[in-house]
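Visitor: Sending over a structure as structure tokens; questions will come in a sec.
Residue numbers (the numbering used here), protein chains in the order written: chain L, 8 to 87; chain E, 593 to 882.
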């Protein structure tokens, strides 16, 4: 994949709704246009977190299957 | 002796306490304005015992109203923009969740639909009580299948391949496992799709296009008899079709139910196959007339 990742956050150690909060805080620390990789668990997080990130207005680029029961959501931060 | 039946039909429910009534108010879709609540509070303090009861179907009752105050209470409620409810063999309170107007999960505007249903049918006399409930999505917060006619919001979906980047978000968002990812496009298993619309809501690229649809269930009842309403027809794709179905269901109920018999019992007796046939014919003949 030819997308440059600026920052990564792991939300596999928290549960809903902290999953989304932790991802949101990580996004807030980035500049507009930078790319965040969010590592999340299979199941509820991967079912719901991508949509919450979309609803916040950020651009989802890819969802990668890490083949270890986790997924990485690649997100480009939107402007305010 | 007071005409208890007439009082009950008008929402005044006789209490254990002599000459005291619990007054049922008209509420649609669980919404009241703050000023309506103020009116209700004032009436409860003035004519009741300061209590207000929230019913299991989003209704409001003011208990401990005295028989001699009934007319004054009605008039004061009306001045405050509050109407009285109904009881007995007729179309009851139309319930609804917050729907797409408020809730991010909602696929349909449940409150405006509940208002339309209520305007069209509320209080209509039938062989027995008849309950409508409207829920905005598959999460079913409003428990559509408990109702004689339940309406559940969903999406009929269409895949726009040219917009899809195969990002994989929808494959995981779908709880039914209906979407699989191929080398250059997604494939949808229509047998597994339950029209929940989660693919549409989650897709970052608008590659799933959704049109609101109304999933109907018939014959639910959750009192003395407990039975889940059943999906008997394909989802209604627009409000016109939805109302043709609702019209036909009430005509069927009126025609085939004995007095005091719930919709479910009437359908069971007539047979679900003939009910479905009746509904399809009623809807189709209307289609031709349009």
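Backbone N, C-alpha and C fix where the C-beta goes; we use that ideal spot for every residue, glycine too.
As the structure is a prediction and not an experimental result, all values here were calculated from the model.
(1) Within this structure, are the beta carbons of residue 746/E and residue 699/E separated by less than 7 Å?
(2) Beta-carbon within less than 6 Å of residue 639/E's beta-carbon, same chain only, minus the 5 sequence neighbours each way: which residues are those?
(3) Please classify residue 57/L: does DSSP put it in a helix, a strand, or coil?
(4) Take residue 783/E as the anchor and find which of 838/E, 804/E and 768/E has the nearest alpha-carbon.
(5) Quick one: Cα of residue 702/E to Cα of residue 821/E, how far?
(6) Does the region 609–620 of chain E touch the region 675–691 of chain E, meaning 3 or more C-beta pairs lie closer than 8 Å?
(7) Per DSSP, what kind of secondary structure is residue 871/E in: helix, strand or coil?
(8) Residue 25/L lies in the alpha helix (DSSP H); which residues open and close that run?
(9) Quick one: list the residues of chain E neighbouring residue 5/L, beta-carbon separation under 9 Å, in chain order.
(10) Could I get the ranges of all uninterrupted beta strand (DSSP E) runs contained in the region 705–778 of chain E, with 3 residues as the minimum, in chain order?
(11) What does residue 794/E touch in chain L if you count any residue whose Cβ is under 8 Å from its own?
(12) For residue 66/L, go through chain E and note every residue whose CB falls closer than 8 Å to its CB, in chain order.
(13) Going by beta carbon distance, what residues of the same chain come within less than 6 Å of residue 882/E, once the five residues before and after it are set aside?
(14) Which of the residues in the region 43–54 of chain L, read from start to end, lie with their CB under 7 Å from any CB of chain E?
(15) So residue 83/L contacts chain E; which residues on that side make the cut at Cβ distance below 8 Å?
(16) Under the assumption that residue 808/E contacts residue 828/E (Cβ atoms under 8 Å), give the Cβ distance between them as a whole number of angstroms.
(17) Please compile the residues from chain L whose C-beta is within a distance smaller than 7 Å of the C-beta of residue 655/E.
(18) Does residue 761/E come within less than 7 Å of chain L when only Cβ atoms are used?
(19) In the DSSP output, what is residue 676/E paired with across the bridge?
(20) Would you say residue 764/E faces chain L, with C-beta separation under 7 Å as the test?
(21) What is the DSSP secondary structure of residue 856/E, reduced to helix, strand or coil?
(22) Going by beta carbon distance, what residues of the same chain come within less than 7 Å of residue 615/E, once the five residues before and after it are set aside?
(23) Which of the residues in the region 684–701 of chain E, read from start to end, lie with their CB under 7 Å from any CB of chain L?
(24) Can you check which of these residues, 81/L, 54/L and 48/L, is closest to residue 74/L by C-alpha distance?
(25) If we count the other Cβ atoms within 10 Å of its Cβ and call it buried at 16 or more, is residue 34/L buried or exposed?
(26) How far does the alpha helix (DSSP H) with residue 793/E in it reach, from first residue to last?
(27) So residue 903/E contacts chain L; which residues on that side make the cut at Cβ distance below 8 Å?
(28) Could you tell me the alpha carbon to alpha carbon distance between residue 762/E and residue 27/L, rounded to whole angstroms?
(29) Return the Cβ separation of residue 66/L and residue 56/L in integer angstroms, given the expectation that the two are a contact with Cβ distance under 8 Å.
(30) Which same chain residues end up closer than 8 Å to residue 847/E when comparing Cβ atoms and leaving out the 5 residues on each side of it in sequence?
(31) Straight-line CA distance for residue 713/E to residue 798/E?
Guide: Reading it off the structure:
(1) yes
(2) 657, 661 and 665
(3) The answer is helix: DSSP assigns residue 57/L an H, G or I state.
(4) Comparing Cα positions, the closest option is 768/E.
(5) 19 Å
(6) yes
(7) helix
(8) 25–35
(9) Summary: the structure shown does not reach residue 5/L, with chain L confined to residues 8 through 87, and so no result is reported for it.
(10) 724–727, 741–751 and 771–773
(11) 57, 58 and 61
(12) 796
(13) Note that residue 882/E scores a pLDDT of 45, beneath 50, so its modelled location is shaky; the value from the coordinates is reported in the next line. Nothing listed; no residue qualifies.
(14) 53 and 54
(15) By Cβ distance, chain E contributes nothing, its closest Cβ being about 10 Å from residue 83/L, past 8 Å.
(16) 6 Å
(17) Near residue 655/E there are no residues of chain L at all, since even the closest Cβ is about 39 Å away, more than 7 Å.
(18) yes
(19) In the DSSP assignment, the residues bridged to residue 676/E are 617/E.
(20) Interface flag for residue 764/E against chain L is set, since a Cβ pair is found closer than 7 Å.
(21) helix
(22) 603, 604, 653, 654, 657, 665 and 676
(23) Within the region 684–701 of chain E, contact with chain L at the beta-carbon level (separation under 7 Å) is assigned to 696.
(24) Ranked by Cα distance from residue 74/L, the options 81/L, 54/L and 48/L are led by 48/L.
(25) Per the 10 Å Cβ criterion, buried.
(26) 790–794
(27) As shown, chain E starts at 593 and ends at 882. That puts residue 903/E outside it, with no answer to give.
(28) As the crow flies, the alpha-carbon of residue 762/E is around 18 Å from that of residue 27/L.
(29) Not quite, the Cβ-Cβ distance comes to about 15 Å (not below 8 Å), so this is no contact.
(30) So the list is empty, once near-sequence residues are dropped.
(31) 38 Å
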